Amino acid sequence: MQPPPVVRRTWRLVLLGPPGVGKGTQAQLLSNALGACPLSTGDIFRAARSYQSAPGSAMAVAQERMDHGELVPDDLVLGLVVERQPCLRCRGGFTLDGFPRTLRQAVSLDGMLETHRLRLDAVISYELSEEELTERLSGRRMCRRCHAVFHVVKRPPARAGVCDHCGDVLERQRDDEPRAVKARLDAYMEATLEVEEHYAKQNLVVSIAATGEPMVIIAHTLDALAARTLPSEENHSPAPRGLAPSNAG
Ligand code: AMP
């Protein structure tokens, strides 16, 4: 299934949704379809895992919080985002995945955007039942070498516990252990609902049911974004299916 046409313009988006909802996949698909710069704070923390963080350092604290399914302190997250501010100025727009996660982060993002005279176009909120989220997360397995992702039921490898791509061992990530999953979902409920309310007041929230295959979900998302196009932009010709806008930078 091909994504539907999208009106040619730059999109600056925040993606909200509980862990396991498929935000990461959608962020990637959306960034490709819209030519936007993807930024995922969760990916930054996961990547930092490969480096040996000094005990007690900010990154070591972040990793410990992450392993327990807890949120990383705001100051550390905001420091990372401030370092990556050029992404916010990307001419092709951006998709923020996993940030902001708290009201303080959302208010800080508002400030950063204001400094650059930019504004968000939409906040996409992906929704799925808690049962399905728990099942998705606790069944997830990742290859320790090539990081390919499988699911014990929904996307099993040909040989149990072995990566189809490189033959290395599949492991459950520490934050996908059942206790950490529960903590992650609780942390999401506690902090991120406030973020959604913040954006609802600005009339930015677009809710999308995250059920079905990723290509179906992206098609719904692009439809919903096209429907939000401002009247002044309606005369622009639609981009070819799934093609990046010409001003991607
Ligand atoms: P994610 O892949 O977005 O689910 O993020 C994985 C983990 O990284 C989360 O469970 C948190 O521990 C941490 N994390 C990622 N982004 C943030 C954020 N914006 N604020 C606090 N913690 C975060």
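FYI, the numbering for the sequence shown is 1172 to 1420, going by the numbering used here. Virtual Cβ for every residue (Gly too), placed ideally from N, Cα, C. What you are looking at is a predicted structure, and each value in this text was computed from that prediction instead of being measured.
From the listed residues Ile1388, Ala1358, Ala1395 and Ala1371, the smallest Cα separation to arginine 1236 is found for Ala1358. Annotated as distal: threonine 1382 and valine 1352, with beta-carbon spacing of 7 angstroms or more. Between arginine 1311 and histidine 1322, the gap from beta carbon to beta carbon is short of 7 angstroms.
Scanning its chain for C-beta atoms nearer than 6 angstroms, with the 5 sequence neighbours on each side dropped, one finds around serine 1202 the residues Pro1209 and Thr1266, in chain order.
The C-alpha of proline 1271 lies about 18 angstroms from the C-alpha of alanine 1354.
By the Cβ-count criterion, aspartate 1346 is buried, with 16 or more other Cβ atoms from all chains shown falling within 10 Å of its own Cβ.
Taking C-beta separations shorter than 8 angstroms and ignoring five residues to either side along the sequence, the partners of aspartate 1335 in its chain run Ala1319, Phe1321, Pro1328 and Ala1329, following chain order. Comparing C-alpha distances from glycine 1263 to each of Gly1240, Arg1180 and Arg1343 shows the shortest one belongs to Arg1180. Per DSSP, reduced to three states, the secondary structure at proline 1385 is helical. Going by beta carbons, alanine 1219 and methionine 1230 fall inside the 7 angstroms limit.
Aspartate 1238 and isoleucine 1215 have their C-alpha atoms roughly 14 angstroms apart.
Beta-carbon to beta-carbon, valine 1294 and valine 1377 are separated by about 7 angstroms, close enough to satisfy the 8 angstroms threshold. The alpha carbon of serine 1300 has as its nearest neighbour, out of Arg1183, Trp1182 and Gly1193, the alpha carbon of Gly1193. For threonine 1196, there is no enclosing beta strand (DSSP E); the residue is found in the alpha helix (DSSP H) stretching over 1194-1205.
Annotation for threonine 1212: the continuous alpha helix (DSSP H) segment containing it runs 1212-1219.
As the crow flies, the alpha-carbon of isoleucine 1388 is around 8 angstroms from that of alanine 1380.
Taking 6 angstroms as the cut-off, the C-beta of valine 1366 does not count as close to any heavy atom of ligand 1. Between ligand 1 and glycine 1213, a heavy atom-to-CB distance of less than 6 angstroms is present.
For leucine 1267, the enclosing beta strand (DSSP E) starts and ends at 1264-1268. DSSP places cysteine 1314 inside the beta strand (DSSP E), whose first and last residues are 1311-1314. Here glycine 1282 is exposed, its C-beta having fewer than 16 other C-beta atoms within 10 Å.
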